[in-house]
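Let me begin by presenting the structure, written as structure tokens, before commenting on it.
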DNA sequence: GGCCGTTTGACAACCATTCTCAACTCTGAT
DNA sequence: ATCAGAGTTGAGAATGGTTGTCAAACGGCC
């Protein structure tokens, strides 16, 4: 796994390009979309590499992953603290929100039922002020 | 289509079989799993039909749909009141939980940012006591 | 019984994602 | 600089869930 051996993953050209592409938009994008962005911006990166890179950074917590309603995975570069998203159904605008109370609630709820290794997903969808 | 024309979908043998299969387990099951349950219980139903049926009832709100972490859609016959799920990653055991505080939090958070027509998803995944 | 719209099921098509593997690229040591 | 070896890449194939196709089967209804 090469997890904590000091060397860590190499910041290659391709990986930086993927991060940069994600940074250049501030919405959630699918791997396919990131791949297109890269192709049309003159620094094409193989699709498999895009997937690997997104997964890599997602595992490290450097990008957030969530699922569209049709199941496609979408990625976004986010702040490091744990948070959730308020997403506009119409234009895709995203607001990061924090809810310590929610974190506490999920944790205690899980503990109460004997669950361990707990993770949770919480997303809020709606229509933003500009779109309504 | 055929939404409110009085006739509605026909309660065919296959559709009832799908609902029954879902009722016979009280976990979330994927379409593929439902298909297997039906096959091995002596009332085989085509895979495409299982998908269509689950979608049909999901649209009607008779079954809940959510996504596993790998994106696969899973279905369950649920109580009608709004609630969330605590799901075991390993065996699929499910606990329905309610959290009025969470409902209030999401609502106020959305309002604060001018979002309307709000919905939300909240699922907790973990390893249950029996599986850990 | 026969007509007609609905439903079914076997199979192909789709599409996101992962796998394979040979070629390539860093990094560190000689 | 050169070499070796581990890490990384990319093209294409393989995988697997899901949806589309379409002819055959079914269920009411006259």
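Chains as they are written, first to last, in the working numbering: chain X, 343 to 474; chain F, 343 to 474. Glycine residues also receive a C-beta, built at the ideal position from the N, C-alpha and C atoms.
For residue 470 (chain X), the chain F residues whose Cβ falls inside 7 angstroms of its Cβ are 456 and 457, in order along the chain. Taking 8 angstroms as the upper bound on Cβ-Cβ separation, chain X lies near residues 428, 430, 431 and 437 of the segment 424-437 of chain F.
The C-beta of residue 466 (chain F) comes closer than 8 angstroms to at least one C-beta of chain X. The three-state reading of DSSP puts residue 422 (chain F) in coil, since its state is none of H, G, I, E or B.
Boundaries of the alpha helix (DSSP H) around residue 381 (chain F): 373-382. The beta carbon of residue 409 (chain X) sits closer than 8 angstroms to some beta carbon of chain F.
If you look at residue 357 (chain F), you'll find it in the alpha helix (DSSP H) that goes 355-366. Inter-segment contact for the segment 462-471 of chain X and the segment 454-462 of chain F is present: three or more beta-carbon pairs are separated by less than 8 angstroms. Its Cα nearest to that of residue 457 (chain F), the residue X:432 stands out among X:422, X:432 and X:413. Residue range 405-409 is occupied by the beta strand (DSSP E) that includes residue 409 (chain X).
Close to residue 363 (chain X), with beta-carbon spacing below 8 angstroms, lies no residue of chain F; the smallest spacing is near 22 angstroms. Exposure of residue 413 (chain F) is indicated by the presence of fewer than 16 other C-beta atoms within 10 angstroms of its C-beta. DSSP places residue 450 (chain X) within a helical segment (H, G or I) once states are collapsed to three. For residue 443 (chain X), the closest Cβ of chain F is nearer than 8 angstroms.
According to DSSP, residue pairing for residue 428 (chain X) in a beta bridge involves X:437 and X:466. Collapsing the DSSP output to three states places residue 472 (chain X) in coil. In the DSSP assignment, residue 352 (chain F) falls outside any alpha helix (DSSP H), carrying neither H nor E. By the criterion of a C-beta distance shorter than 6 angstroms, residue 448 (chain F) is surrounded in its chain by 462, once the five residues flanking it on both sides are discounted.
Between residue 427 (chain F) and residue 440 (chain F), the gap from beta carbon to beta carbon reaches 8 angstroms or more. Contact check for residue 376 (chain F) against residue 392 (chain F) passes: the beta carbons are separated by less than 8 angstroms.
Cβ-Cβ distances below 8 angstroms link residue 409 (chain X) to 415 and 416 in the same chain, with the five nearest sequence neighbours on each side left out; the list follows chain order.
Chain order gives the chain X residues near residue 439 (chain F) as 451, where near means a beta carbon separation below 7 angstroms.
In the DSSP assignment, residue 392 (chain F) falls within the unbroken alpha helix (DSSP H) covering 389-402. Interface flag for residue 387 (chain X) against chain F is unset, since no Cβ pair is found closer than 8 angstroms. The C-alpha of residue 364 (chain F) lies about 16 angstroms from the C-alpha of residue 437 (chain F). By the CB criterion at 8 angstroms, residue 419 (chain X) and residue 429 (chain X) fall outside the cutoff.
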